[in-house]
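Peer 1: Got a structure for you, questions after.
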Ligand SMILES: Nc1ncnc2c1ncn2[C@@H]1O[C@H](COP(=O)(O)OP(=O)(O)O)[C@@H](O)[C@H]1O
Ligand SMILES: Nc1ncnc2c1ncn2[C@@H]1O[C@H](COP(=O)(O)OP(=O)(O)O)[C@@H](O)[C@H]1O
Ligand SMILES: Nc1ncnc2c1ncn2[C@@H]1O[C@H](COP(=O)(O)OP(=O)(O)O)[C@@H](O)[C@H]1O
């Protein structure tokens, strides 16, 4: 009860503080940023100049005069709910099946509660901080509380669909990113601490990074970093935050001494499958149109995912003697992660190679790397999303092709543009540093307020009964 | 075997009787209804005059000359399957996880069998009774057996999509409504009785109310009641029918003396998540177009749902000391229910408030109200759908705004139109009275024919093995 | 380890051999086939001349000048992911719930691994072998490795959507077909053998039959066989292959002496529901447009499915005394199968009758027929997909109507075109013979290389722990 | 001390627990089991095939009591669990030579 | 009367049940257990990590029989459950001092 | 020979298993049970209603040992399972009159 009241007070205070930060940042940082139309460089918000448009009526050539395209809108409405489906029930089940039975409800609860929490935060301030004009680091507050949003509004970032759809589509990205982090601290974090942490993280880490990469005048987007659907914003960001969480919270009771096997991989298979299906909303939806770019994004996503599933499976089969179910689904997710930044830029061969590499790299990330460094990333949030995101971001700089991206500036090493790989590394580096530092600070503050970890007895007996008063029979 | 044969006979007789009723009603009631284009007042079937249409090619300005819009059609095909997904597997799992293990198959069976049953009934007569010209109470039989429906047909109610899509979209609403009722009598109704009851209820309650609210010349729609996506037709209707069922069937064996906890809330979380995802088809689909109205409906649906999930969770956390998984998902469903009539009419702030109120009101509905009145609404069909539907219908009359609804006549108390709240109360009242009376009569008749409840021994041992000869291991 | 290495070698060799076969076949068979535009006769790839197109801008009247239609593209992107969802998690769960608990992971693993495997095979050669110009039996290699596919490419078979979308849509059909076969040999096949078998089967059976029915200049399509969405290509093909597998592998240990009941029909219900929902992508998606044909396909699919669910359920209820959950869901799947070839050609009454007949026929297929002939088709891949596919193919020839199909040549017995039934029988016969022979040969070869069946001890103890090193707790 | 093992119908568990409580029994252990006895199992359906499941779900209750409490406990269980139909179950009694309470280390009758 | 507790391989349950039936045993109770013995557990995989699960799934059968039936019952179980490999299981025999049939209230040998 | 039945907290299973192993116990059988004792059950929530679940999940370990090993085994279990809080569990000891190793047919003490 007491921690409850503390929690509510803190959440309110945090929101107020967050809301004032952008304004401050705006004053402080605005002069530093002479940026040139980053939205022409990063594809997610608006890839309006897609080359495949055979019917000119379908392309929003002049974003100045927004015109609703019902086909694009139909696809983006669909994409939005697909990305929501990735988190609930997709990710909830993917993670829920991997924990022990006594923690399954607490695990699915995290994804569900984050979905509710971030929806409200995004409405209050997150969307405005990410996607309105501001400075290179964060947007303004002109759309706080979605002020002024109505059926006739369009965003300059998405000319052929209503702004309400663009806002909700981006909301689903803001939801899944913190939900991915929960894999790193599964089985041991307090629910109240998690809610506080996620409130702060969403506003202080996600919205700024999202703005910097995709927002108008954003810093990282301005560098020319290629991130089609969120390799940096979503996966590296979540993976690194997960790593910091795993380090700060410490290992699970029993880690290393007793086996902590998944209790029901059927749930994880359902989860992985829904992640795969929903990811078409994520990647092909990031074309913000129902066109050839969306089609290619879908095709290469499918190929990379399958290739990564097979490459993890065969690696494990060769090294351990058996192809595991958890292996192939982890590989598939690794492939989905790695193809995310590349989806609208690479051709099928590029997708195939990215998939194969991602499957092997994430296998190493979730086994050798984790054991070598000795942290307990329970469900491999960093091992899969961090490692996969980094691999994907770099390989995007390698395999981007003009024939697919439709822009001479969006090409990779393979077409002679070796500078792109360096640009990608800048983007990765900036994200890692900012995310790691701020995540660490938030965790420390939350630890002071309510404490991060549950009691060892609670951890042993299970979070379901202790935190939520419920069990699965 | 015997009850089986009786059942078949009854179903056949019922169908024949049903089919003759509309004709009778038509003769009897037709003169009573001078109605003026109710479909301009209620938005679900055709919100053709949405204000956001920047591209005139996308709007069906003149419904007289129907023109296929492929984007609208794409979205409505998608919406249709989303609403189907809400019932199976969505609702089936939401309910299935909440019962005891011995009844889980019988519970999911109810949703599945209703899906099959109502599909056939809707084809035979339901659609025609709801959506063709008739009198203010019920439509005619011109589309019985979907007579004359082909790829080139359009409904005057949905000018830019094929009538086949409109018919199937509405069919999914006709499916989920009776399926919602099953929550009220879970764990104790005979399967044969349920099939009989649902046959009659679908034709005698659902189709007439659907016609009265959304059909051409419908009585309640003619009053100017605002019901964007089915708060009245679906949720109040199902909730009230559930309450009557709970009262007539009586309490479960063991209710009040032994705990009857949910056996696997993981299923319920999957169910709630799929209800949420599918509800975009329900609410945004009720724009019957891929446009700005659909976009706003999606956005406010998302916000209200999240707010209600949080408000139920925090209420419970404060009052009981723990935030439960069942609490947050029940809250989310309550929010979905309450925003349903309002989705195309209110702005984001309206959605937020409706969500918060709905979460708290339904918490009370499923706890204090139920215990005070002493009925056993097993899975809170009335507590969530009835209460949430009424709250939503009233608040639609409060928060409707011209800027969102696009019509000066569709505004609420907040813009000075206090009469709308009264109109909403008329709609609620009419639905409650008609539904309660006819539901009661049907139950009594079914009880005479096959008996409503299973034997106490069957109830104790479990419905799965006794009614369906199957168990979950 | 050893079988692993063998497997890899074989898979590589198989791929190389497969890749050379089409060229060979091309030389050998080309002169035999004077074909006239079969794509005008079979509807799946391009039903461009649908009669319902009120807005000419939405129809691709002249495939010579492909023009992107964003609405059609939106629907086909959606349809593609729906068909993927049918396999994972749909079919995986449908089958997974029916096996014993010790085999559930191995069962879902099969669907997941096939999804990965066939994706890569389709990219390498399958798509090209099925859908590019070649001879009447198989296509060429011009699109091997998806050579030349980019955002601006269109296929002559699907004029209004990008070729990338058409390719991925067809890929999902190529995935689900082999996945369906696994039901026949569930609980007893080696995973390595399955991977080898499926590699060969996909390239040697699926792609050729797909080409023959739907490909440019295909043999069976040229005969005028009507197969709207894959009754022949997918269901008869998979069902017959399943029957051959069941015969070659032999019965499960314990079959006939101990009960082998489904361990968790909740999974099967989720699976069946997702199959149903996803099937709209399959059937309505096979219109390759968001138009009236798609709408009618959706409507009749819904009706036939429901009718078949009820007809199986009532049959069982009458004969065995109880309506089982497995019964109604099996019936629904049977209805989906049977309506598949007919979806764009029959009216609602036709759909209703096809559904009723399919439910009863497949009930017999899964009971009397199986027991009479004495094979152990574990999960009734043949009993449902084979029988349902054959029933559907024949009834398509009976109930096709010009008012729905939009072509005077696409009518059935009911409109006096009794020849169509004979044509359908030719198509069925050709598919059965080719599929049975080649499937048998592949099985024998795989048996020689790695052996088809697991050890009896492994079978008794469970495939999960032995093949994949994992169990469900 | 004696151990009483009672195999009963699952839905009688609450009644039996209450009856034992009423006569002062302080602890018991419950196991989910499957039983095979005179009671014939159910017929289940599988795609139109019927088969008999002869193992019926039952609940087993283990109670260790002082010798003096044996008869009252048996009586309490019998009354609470009886329905008069086949399948009501059985009670088995056997000797316990020692009891240890883990928390305190107490032994013998006082540890029960 | 004696209680025979047999811990066997799960897939031998049907054979053992049949063997006991054949010698006239009228009732038995089955429990799902996990066993640890000479048989080494399986190796399971978890994201590339292998670990040994030393508790192997077993089935425990409890049968209470007349003293005269003890040896035939042991023999029947042994034959039906034997595969000759490590992990075949154990049989434990102990005394039962009383039996009650709940339905009728009968006691002693006639209640078995 | 004696049978030791120990009812312990589930998360103490690994410790107890190790402790028994250390004193040379070669086999044991584990059952998931629910217990009712002095320890009060949890309060669970159901749509705003609270109710007490008085059956707490426990693990039961059955070990059959030579008479000489009884005391060491009890001691090992007690030490490993003790937390000092209510709900630590109980140990029951009873006689076993015979043991059969199914694989070999050996009987008596050598079969343990
Ligand atoms: N000899 C026995 N040994 C062990 N368990 C038994 C024995 N006889 C009966 N049981 C158990 O008691 C349960 C009820 O027995 P049953 O014979 O069906 O009851 P009734 O006493 O009504 O004839 C059985 O399901 C089984 O679990
Ligand atoms: N001393 C014991 N006490 C209780 N259970 C035992 C004992 N020894 C063996 N078991 C049970 O018997 C099963 C089989 O024992 P195991 O030693 O593996 O067989 P084997 O007789 O072939 O050596 C074990 O898994 C365990 O459940
Ligand atoms: N008389 C008994 N008969 C059978 N089982 C018992 C008995 N007493 C206790 N138990 C078992 O032991 C467990 C722990 O007992 P409890 O009384 O809560 O511990 P404590 O020794 O700390 O008082 C119970 O949950 C129950 O399973």
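Protein chains in written order, with the working numbering: chain Y, 1 to 473; chain A, 1001 to 1473; chain F, 2001 to 2473; chain P, 3001 to 3112; chain X, 4001 to 4112; chain G, 5001 to 5112.
C-beta atoms are modelled at their ideal positions from N, C-alpha and C, and glycine is treated no differently.
1. Could you spell out where the beta strand (DSSP E) holding residue 432(Y) opens and where it closes?
2. Residues of the segment 3040-3071 of chain P with a CB closer than 7 Å to any CB of chain F: list them in chain order, please.
3. Give the single residue among 319(Y), 323(Y), 300(Y), 299(Y) whose Cα lies nearest to the Cα of residue 310(Y).
4. Rounded to the nearest angstrom, what separates residue 4062(X) and residue 4031(X) at their Cα positions?
5. On the three-state DSSP scale, how would you describe residue 453(Y)?
6. With DSSP run on the structure shown, which of helix, strand or coil describes residue 2486(F)?
7. Going by the CB atoms, is the gap between residue 1116(A) and residue 2328(F) shorter than 8 Å?
8. Rounded to the nearest angstrom, what separates residue 1244(A) and residue 1443(A) at their Cα positions?
9. Please classify residue 5071(G): does DSSP put it in a helix, a strand, or coil?
10. With burial defined as no fewer than 16 other Cβ atoms inside 10 Å of the residue's Cβ, what is the status of residue 3067(P): buried or exposed?
11. Could you work out which residues of chain P lie near residue 2212(F), taking near to mean beta carbons separated by less than 8 Å?
12. Determine the extent of the alpha helix (DSSP H) in which residue 83(Y) is found, giving its start and end residues.
13. Look at the alpha carbon of residue 2407(F) and the alpha carbon of residue 2226(F), and state the distance between them as a whole number of angstroms.
14. What are the residues that DSSP puts in a beta bridge with residue 1235(A)?
15. Tell me whether residue 2368(F) is buried or exposed, calling it buried when 16 or more other Cβ atoms sit within 10 Å of its Cβ.
16. Contact criterion: CB-CB distance below 8 Å. Does residue 5101(G) meet it with respect to chain X?
17. Tell me, please, whether the CB atom of residue 2199(F) is closer than 8 Å to any CB atom in chain P?
18. Which complete alpha helix (DSSP H) runs does the segment 319-350 of chain Y hold, if anything under 4 residues is left out?
19. My assumption, with CB atoms under 8 Å, is that residue 4017(X) sits in contact with residue 3036(P). Please give the rounded CB distance.
20. Which residues of chain Y have a Cβ atom closer than 9 Å to the Cβ of residue 5036(G), listed in chain order?
21. Roughly how many angstroms lie between the CA atoms of residue 3095(P) and residue 4055(X), to the nearest whole one?
22. Return helix, strand or coil for residue 141(Y), following the three-state DSSP convention.
23. Quick one: does residue 378(Y) have its CB under 8 Å from some CB of chain F?
24. Taking Cβ positions only, does residue 2192(F) come closer than 8 Å to chain P?
25. For residue 2385(F), does the three-state DSSP call read helix, strand or coil?
26. With distances taken between CB atoms, is the gap from residue 1105(A) to residue 1468(A) smaller than 8 Å?
27. According to the neighbour-count rule (16 or more other Cβ atoms, all chains shown, within 10 Å of its Cβ), is residue 466(Y) buried or exposed?
28. Within 10 angstroms of its Cβ, does residue 1059(A) collect 16 or more other Cβ (buried), or is it exposed?
29. To the nearest angstrom, how far is the alpha carbon of residue 2136(F) from that of residue 2432(F)?
30. Residues of chain X with CB under 9 Å from residue 172(Y), in chain order?
Peer 2: In terms of the structure at hand:
1. As a working note, residue 432(Y) is residue 432 in the first chain. Boundaries for residue 432(Y): no beta strand (DSSP E) harbours it, while the alpha helix (DSSP H) harbouring it runs 419-449, taken from the DSSP string.
2. 3044, 3045, 3046, 3047, 3048, 3049, 3050, 3051, 3053
3. For the purposes of this step, residue 310(Y) is identified with residue 310 of the first chain, where counting begins at 1. The shortest Cα separation from residue 310(Y) among 319(Y), 323(Y), 300(Y), 299(Y) belongs to 323(Y).
4. In the fifth chain, the residue the question calls residue 4062(X) occupies position 62. In the fifth chain, the residue the question calls residue 4031(X) occupies position 31. Spanning the two alpha carbons is a distance of roughly 8 Å.
5. Along the first chain, one-based indexing puts residue 453(Y) at 453. Of the three classes helix, strand and coil, the one that applies to residue 453(Y) here is strand, per DSSP.
6. Residue 2486(F) falls outside the range modelled here, since chain F spans only 2001 to 2473, and no answer is possible.
7. The count along the third chain starts at 1 and reaches residue 2328(F) at position 328. The count along the second chain starts at 1 and reaches residue 1116(A) at position 116. In this structure, residue 1116(A) lies closer than 8 Å to residue 2328(F) by Cβ.
8. Sequence index remark: in the second chain, residue 1244(A) carries index 244 (1-based). Sequence index remark: in the second chain, residue 1443(A) carries index 443 (1-based). Their backbone Cα atoms lie some 9 Å apart in a straight line.
9. On the sixth chain, residue 5071(G) is found 71 positions in, with the first residue counted as 1. Helix, per DSSP.
10. Reading the fourth chain from its first residue, position 67 is the one you call residue 3067(P). Its Cβ having fewer than 16 others within 10 Å, residue 3067(P) is exposed.
11. Locating residue 2212(F) in the third chain gives position 212, counting from the first residue. Under the 8 Å cutoff, chain P gives no residues; its nearest Cβ is about 32 Å from residue 2212(F).
12. As a position in the first chain, residue 83(Y) is number 83, starting the count at 1. 70-85 is the span of the alpha helix (DSSP H), which, as asked, contains residue 83(Y).
13. As a first step, residue 2407(F) is located in the third chain; it is residue number 407 there, counting from the start. As a first step, residue 2226(F) is located in the third chain; it is residue number 226 there, counting from the start. Distance between the alpha carbons of residue 2407(F) and residue 2226(F) is about 12 Å.
14. Here residue 1235(A) corresponds to residue number 235 of the second chain, with the count starting at 1. Residue 1235(A) is not bridged to any residue.
15. Walking along the third chain from the start, residue 2368(F) turns up at place 368. Per the 10 Å Cβ criterion, exposed.
16. By one-based count along the sixth chain, residue 5101(G) stands at place 101. Chain X, which has a Cβ nearer than 8 Å to the Cβ of residue 5101(G), makes this yes.
17. Within the third chain, residue 2199(F) is the residue found at index 199, counting from 1. No, no contact with chain P.
18. 325-339
19. The sequence position of residue 4017(X) within the fifth chain is 17, counting from 1. The sequence position of residue 3036(P) within the fourth chain is 36, counting from 1. With a Cβ gap of about 7 Å, residue 4017(X) and residue 3036(P) count as contacting.
20. Translated into positions along the sixth chain, residue 5036(G) becomes position 36. Around residue 5036(G), no beta-carbon contact reaches into chain Y at under 9 Å, the shortest distance being about 16 Å.
21. Walking along the fourth chain from the start, residue 3095(P) turns up at place 95. Walking along the fifth chain from the start, residue 4055(X) turns up at place 55. If I take the Cα positions, the gap works out to 29 Å.
22. The count along the first chain starts at 1 and reaches residue 141(Y) at position 141. Correct three-state label for residue 141(Y): coil.
23. Reading the first chain from its first residue, position 378 is the one you call residue 378(Y). By this cut-off, residue 378(Y) is not an interface position.
24. Working through the third chain from its first residue, we reach residue 2192(F) at position 192. False, the Cβ-Cβ gap to chain P never drops below 8 Å.
25. The count along the third chain starts at 1 and reaches residue 2385(F) at position 385. Note: residue 2385(F) maps to helix in three-state DSSP.
26. Your numbering for residue 1105(A) matches position 105 in the second chain. Your numbering for residue 1468(A) matches position 468 in the second chain. Yes, Cβ-Cβ distance for residue 1105(A) and residue 1468(A) is below 8 Å.
27. Taking the first residue of the first chain as position 1, residue 466(Y) is located at position 466. So residue 466(Y) ends up on the buried side.
28. Mapped onto the second chain, residue 1059(A) falls at position 59. For residue 1059(A), the predicted model reports a pLDDT of 37, less than 50, meaning its position is unreliable and no value from the coordinates is stated.
29. Taking the first residue of the third chain as position 1, residue 2136(F) is located at position 136. Taking the first residue of the third chain as position 1, residue 2432(F) is located at position 432. Cα to Cα, residue 2136(F) sits roughly 17 Å from residue 2432(F).
30. Position 172 of the first chain, counting from 1, holds the residue named residue 172(Y). Within 9 Å Cβ-Cβ: nothing; residue 172(Y) doesn't reach chain X, min ~27 Å.
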